[in-house]
Structures are given as C-alpha cells and as structure tokens.
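For reference, the structure is listed below as structure tokens.
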Amino acid sequence: MTAAIVADGVRKRYGDIQAVDGVSLHIEAGEFYGILGPNGAGKTTTLEILEGVREPDEGRIELFGKSPWPRNHELLTRIGVQFQASSFFDKLTTRETIRLFASFHRLGARQADAMLARVGLTDFGSVPADKLSGGQAQRLSIACGLVHDPEIVFLDEPTAGLDPQARRNLWDLLRDVNQEGRTVVLTTHYLDEAEILCDRVSVMEHGKVLKTGAPAALIRELDDMVRVSVESGLVAPDVLRGLLESAGVDNTIVEDDEVSLTVATHTPGPVLSILADQGALRGLEVRGATLEDVFLQLTGREYRA
Amino acid sequence: MSIEDTTAPTTRTGPSDRKEPAGKGGPGGRRTAGDERLSPIRELSRAMILSVVRDKGTIFFLLIFPILFLLLFGSLFKSDGTSHIKVAQVGEVQVLDSLTKDQREQLTKAATITKVSSESTALEKVRKGDYDALVEQEGGTVVLRYSAADGVKGASARAALNAMLEQANLAATGKPATYTLKASQVEDRSVKPIQYLTPGLMGWAIASSAVFSTALTLVTLRRKKILQRMRLSPIRAWEVVAARIAMSMVIALTQTALFLLVATLPYFGLTLTGAWWLVVPLVMCGTLSLMSLGLLIGSVTKTEESAGGLAQLLVLPMSFLSGSFFSLDSAPDWVQWVSYLMPLRYLVTGSEAVLSRGGGLMEALPTMGGMLAFTAVVTALTLRFFKWNDT
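One line per chain: the protein sequences are A and B, in this order.
Under the working numbering, residue 305 is the last one in the first sequence; the count climbs by one each step, no gaps.
Under the working numbering, residue 696 is the last one in the second sequence; the count climbs by one each step, no gaps.
Dropping the structure here:
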C-alpha cells in the first residue's frame, strides 16, 4: 500500500503553548483515519498542518510524497477540506454556494449540481445556505470540499453539535466517501464515531500522539473487564459470589444497586452460564470496553475545559 | 477504479484493496462532457455583488443614503446661488412707480418689489429677513435700507437701485446718454454649490463604501475561514483580488451614475462640461486608492466591529478635510495642506474639475497617477500585516 500522508516529528508552537509536539503519522491511501483527543489536544492544528494551511515549526509532511507547504497547486486539486458549517458566503443559496466552490476548481455547474444531489440537498438548492439545519449545512460543507473529486478528504469535527439522526446520516455519507477509495482523515472527540468509522485512530493529548492503532486492537489491548448485568433481585449478590467462587471464577466484582446486578469480569463465559443456571437472565446486558475506556485510560479522568 | 478525473495527476493512488470500490460508481461530481467550466473571477464577483444586492440595509447605506444627502444639501444651498432679492416699497417711490412695462419686467428678473403700507412693519420684516431691503422716498432722496446680515443681497439691491436712479437722472436732463453699457456674459467662473456638492458628496459616498466594505469583507472572510478555504483551492490570489475590485467598481460606478443623474436634474441644474466622462477613470482610480485603505484596516483588525469603527474614524475626518462637504477654496490654509495627503481630495477635486469646471485629460491624468501611486504604497504597507487566518 502507498502512503497518502506521512508526517514526521511535526512541531508547532503558539507563544507559550506547544500546540503540536512531535507528531508522526503514517496514513495509507484509502484509509479512514481518526485523530482523537480532548479539546485543546492539538488535533485541529495537526490537521491544518497536514492540509498545508499552517507551516510547522519543525518536521516533515508529505502528501503523496510532496510537501503541502508552501501552497502547492498540484496538491490542492487532490485534497478536499471540510470546514466549519459557517464558512459560507453571506446571502448565497445552497446551489450558488456549491457552484462558487466548484468555480474555484474551474469545474462545471452540472458537476456542482450533481454534488449537491450526492449529499441530498437538491431540494434545498434555492434555500439560503445560512438557513440550512445543522446537518444540512454540514453536508453542504462536505460537498464543497468534495466537489472537485479529491483523493484525500480532511474533516474537522464534522458531526459536532448534530442531533443523532443527522450524525448517522453523515456517517453513512462519510463511509461512502471512503469506500470510493478516498483517504479520509477526521478529528473528533466522539469516541463512538471513531470506533464505528475509523480503520485506525491516533489518540492525542498535549500535542503528542499517545497511541495509534485500530480501535478494536486498542480496546483489546486495554484488557478491561466485561460488565454483565441483569435485573436486580433475580439472584442475591452473596449467593452469586458463592457460586462464582465454587466454580473457580476469580477476580470478579459483584455489585447490586437495587436496579441492576452487575458482574465485572475478565471471563464472561462462566458468569453467563451460572446466571443461566439460576434462571437470572432477565434484562441481560453484556458491555465490553469501548474506545472511551481506552481514551480515559490514556488521557486520565480528571475534568478539563 | 471508481474515480476518474481527467485533470488528476498520473501518480494518483488507487483505493486500498481491502475496501470494495462500491458499485455506486464515482462521486456525483464526476466531470460531465459539455459542462462548461465556471470562471472563478466571474462567480466570485457575482457572489460578492449578490451579497450586497440581497441586503436591503447595505443597499440603503451605499446608494440611497448618500443620494438623500445630495437632495438635502442640494436643496439647502440652492437659494444661495441666485441673487434674486425681495424689496419692500413703502409709500410712493417715483422711480419705481414710473417704470415702463418693459423696464418693470427687466427689474423683476433681479428683484421682487412688494408694496407695504407701514414703514415700521416693513423695517421689522427686513430685520427678520423676510425682505432683503426696504425702499422709500423722502423728497428728492430715495432711501434704501437693508440688513447687514446678508451683505451680498444688500449690495445687489443697492446696485440695482443706483442704476435705476442714474437712468432716471439722465432721462431728467433730456439728453441722450453719452456712454451706454452693453453687458455680455462670459463663462461663469464662480462655483455654484451643486458644482462642488456633487463631486464632494459623491466622493464621500464612494469613500464610505470602498473603505467600509473592503475592510468588512476582509475581516468576515477571514473570521469565517472562507479565506482559508479559498487558499485550499487552486484559485489564484490575484483572481480573488480582481473579483473583489470588480465588486467595488460596480458599486462605485453605480453611485457615480446616480449622483450625476440626480445632480443634472433641472431642479439642481448641474451642467456637465466637455470631458465629464473622465469621471469614470477617475472614480475607478479613486476607488482603488480607497480600497487600499480598507484593506489596511481589514488587515489590522480582527472583528467587524473594530474594522467598522476604524473605518468610520478614517472616512469622516477624511471627507471633511477633502472638501466633500464644503468647497476647499474657502477652507483655511492648514486644511488645504492636510487635504493633499488624502486620496479622497484628489477624487473630489479631480471629479469637480472634469464634471463642472471644464477640466480635461491634463487635470485628470496627474490625479489618477497620484491615486494609483497612493494605492501602491498603502498596499505594499498592508502586505506586512496581511493574515490568512486569525491565529
């Protein structure tokens, strides 16, 4: 596989803040890549450096083997960037907006209109762009970044502030975009989003990449306990503890909060069969670790603004 | 491979083999044959002009508001230009009463004589300014009393009456006049208010729109990250600049057309002189020089509010010091000197020269050159402050 994006030892400083502190990435062509991190971790700055909007203080970036800084016209036709949904001209309709961005690439009006259809906004063509709903505006924003058929697509928190339906709708679009063979790089702080969409993620904090890998691999590596819970009152916690002990299942934590009886364990199999023997499976729920657990383990649990 | 792009470089990489290229085919944006390419300059200037045309508030501020000023000032100062005087006649005044019909008609061109019975009422009315002068006869003396408030009108009343008395005196001798005066008009070199109000207010209107809208466009495009977005597309910087200039030119020339249209109405009576069309290149150069100031303001400010404030701080004093609201001819020396530093002064005086003072290329060319030089200097200075994004 060919590398679409290579970053090596990238650093960027703003005054006293080291926004990006030695980031190295290797993103394959066709990969769906996520950059995860809490607010202020340096995700956006990293993305902007990859796009060629900002010049790194140190380090090397190559897109298809070429540096995006200074502004490289050939690369600009091969990358597409989705901006905040508010980055539209005042007073223009949806169709005028997409045609304007198409003109920047010297494309035709029909191609622009086809892109509008692609993101499902044809019916909103004559609606002013600033009157679109959050999800529609985000789709228009993505359409503006996709209109020239780029090979790499950069998205900065594309689903921030969207309602659940709009989020899922956008996920479908992004998945399609990736399945057409485009490399997609997105930043997000929604872990479920990264887990569902991304082939690989890099978890960032304080300008550094803490960990990189496929979401499932990172979760497995965490080796966190699986939580098995059933309705409370089906079996007494003490009875269950005794049964688990006699069956030789160690290292389990049994808790009952009057609503659910929860067993945290590394070996959910025997736990489930014991509960089944007791006829205590009503309301059964098995929850494994998520990317969120990986994230919290890596970045700590304390609150930050 | 599902994506084909005729302009894409040959080094394009294929989709990774672990992903199916999805039977949907390429993106909807695939280039279609016969789909005419959109010109970035045309689309961008269209977008910018639409953003003005579709905003009623902006239209009012740019086009209607300055014209209202012209209507207001034009009407206010209109009476100043005529030397028609109103005279109250108390009792019998032989010279006036014995005028022939022809003579009376001649007189009414310059003055309206109204008979008033009481001297004290007439005097009071002169004091108030209802009449410019009062005339009465005491024996062989014709007495003219006029208010000192308006010396010009008093003097014209005096001159008119004097001429009449001399004619009457001469007639009384029964001899023909030895010398007669044949008056013929030469070109009027005095400036009527509409002659300086039109270029002045027009310059102010153009300055406001060029400085404000250039500064605000820059700040808004930067704050909304549209500048950054354009920078990430293959559009060239000069194309963005050209589109923005085109927008300001359309506004400035529309303002010019509106001003000339209103000022040449018979009511205001501006007569355009020979090479008035030179106002078009003058306005274009002037717009460029004022845009460069807007660019500077937009580059050193971060929010629309501060850009608007700074633009106001610049445009209003500049307009006063450039003769937008009054003729510089009568301004104190220091104002005249300061005015030489203002690009607006050159737009105003240049336009005045070609519009109403018979000026031609010789007046217009140096002015245009000066404004272009100003543009170059300010733009060079601005490049030091120019930023693509806020942080």
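Backbone N, C-alpha and C define an ideal beta-carbon position, used for all residues, glycine too.
Predicted model only: the values in this text are computed from it and were never measured.
| request: Determine, using beta carbons only, whether residue 41/A comes closer than 7 angstroms to chain B. | output: no
| message | Which of the three DSSP states is assigned to residue 128/A in this structure? | response | Residue state for residue 128/A is assigned as strand, using DSSP reduced to three classes.
| message | In the DSSP assignment, the alpha helix (DSSP H) including residue 673/B goes from what residue to what residue? | response | That run of the alpha helix (DSSP H) goes 666-687.
| request: May I ask you to verify whether the segment 541-558 of chain B touches the segment 668-683 of chain B, counting CB pairs closer than 8 angstroms and requiring at least 3? | output: no
| field | 7 angstroms Cβ cutoff met for residue 294/A and residue 173/A | value | no
| query | What three-state label does DSSP hand residue 278/A in the structure shown? | reply | coil
| Alpha-carbon spacing of residue 180/A relative to residue 171/A, whole angstroms | 14 angstroms
| message | Restricting to Cα atoms, I'd like to know which of 643/B, 593/B, 653/B is closest to residue 682/B. | response | Ranking the options by Cα distance to residue 682/B, first place goes to 593/B.
| task | Could you check how far apart the C-beta atoms of residue 100/A and residue 616/B are, in whole angstroms? I think they sit under 8 angstroms. | result | Not a contact, Cβ separation roughly 26 angstroms.
| said: So if DSSP puts residue 20/A in a beta bridge, which residue, or which two residues, is it bridged to? | reply: 12/A
| the segment 532-556 of chain B: which residues have C-beta closer than 8 angstroms to a C-beta of chain A, in chain order? | 533, 534, 535, 536, 537, 538, 539, 540
| Under three-state DSSP, which class holds residue 693/B? | The three-state reading of DSSP puts residue 693/B in coil, since its state is none of H, G, I, E or B.
| Environment of residue 579/B [buried if 16+ CB atoms lie within 10 Å] | exposed
| field | is_contact[residue 528/B, chain A] using C-beta, thresh 7 angstroms | value | No, its Cβ sits nowhere closer than 7 angstroms to a Cβ of chain A.
| said: As a quick exercise: from 22/A, 251/A, 245/A, 231/A, pick the residue whose alpha carbon is nearest that of residue 259/A. | reply: 231/A
| beta strand (DSSP E) runs contained entirely in the segment 185-228 of chain A, provided each spans 3 or more residues | 200-205, 208-213
| request: Determine the closest residue to residue 516/B out of 401/B, 421/B, 377/B, 624/B, with distance taken between C-alpha atoms. | output: 624/B
| message | Could you check whether the segment 204-215 of chain A touches the segment 34-45 of chain A, counting it as contact only if at least three pairs of C-beta atoms, one from each stretch, sit closer than 8 angstroms? | response | Yes, since at least three Cβ pairs between the segment 204-215 of chain A and the segment 34-45 of chain A fall closer than 8 angstroms, the two stretches touch.
| task | Over the uninterrupted beta strand (DSSP E) stretch that includes residue 34/A, give me the two end residues. | result | 32-36
| said: I'd like to know whether the C-beta atoms of residue 557/B and residue 349/B end up nearer to each other than 7 angstroms. | reply: It is not a contact, given that the beta carbons lie outside the stated cut-off.
| said: From the DSSP secondary-structure annotation, give me the bridge partner or partners of residue 66/A. | reply: 63/A
| message | For residue 239/A, count the other beta carbons within 10 Å of its own beta carbon; 16 or more makes it buried, fewer makes it exposed. Which is it? | response | exposed
| request: Please classify residue 158/A: is it buried, with 16 or more other beta-carbons within 10 angstroms of its beta-carbon, or exposed? | output: buried
| message | Against chain B, with Cβ distances strictly below 7 angstroms, would residue 288/A count as a contact? | response | no
| Going by Cα to Cα distance, which pick from 633/B, 344/B, 347/B, 343/B is closest to residue 500/B? | Looking from the CA of residue 500/B, the closest CA among 633/B, 344/B, 347/B, 343/B belongs to 633/B.
| What's the call for residue 443/B, buried or exposed, on a 16-neighbour Cβ count within 10 Å? | exposed
| request: Just the C-alpha distance for residue 12/A and residue 689/B, rounded to the nearest angstrom, thanks. | output: 22 angstroms
| request: Would you tell me roughly how many angstroms separate the C-alpha atoms of residue 292/A and residue 192/A, rounded to the nearest one? | output: 8 angstroms
| What separation, rounded to the nearest whole angstrom, lies between the Cα atoms of residue 169/A and residue 591/B? | 51 angstroms
| said: Can you pull the chain A neighbours of residue 352/B, defined as C-beta to C-beta under 8 angstroms? | reply: 89, 92, 96, 100
| task | Classify residue 630/B as helix, strand or coil using the three-state DSSP reduction. | result | DSSP places residue 630/B in coil when its eight states are reduced to three.
| request: Using the Cα positions of residue 346/B and residue 545/B, report the straight-line distance between them to the nearest angstrom. | output: 7 angstroms
| task | Flag this pair as yes or no: are the beta carbons of residue 228/A and residue 270/A separated by less than 7 angstroms? | result | no
| Would residue 183/A pass as a contact of residue 31/A if the rule is Cβ separation under 7 angstroms? | yes
| query | What are the uninterrupted segments assigned as alpha helix (DSSP H) that are 4 or more residues long and contained completely in the segment 81-143 of chain A, given in chain order? | reply | 94-104, 109-118
| residue 185/A, buried or exposed, once every other Cβ within 10 Å from all chains shown has been counted against 16 | buried
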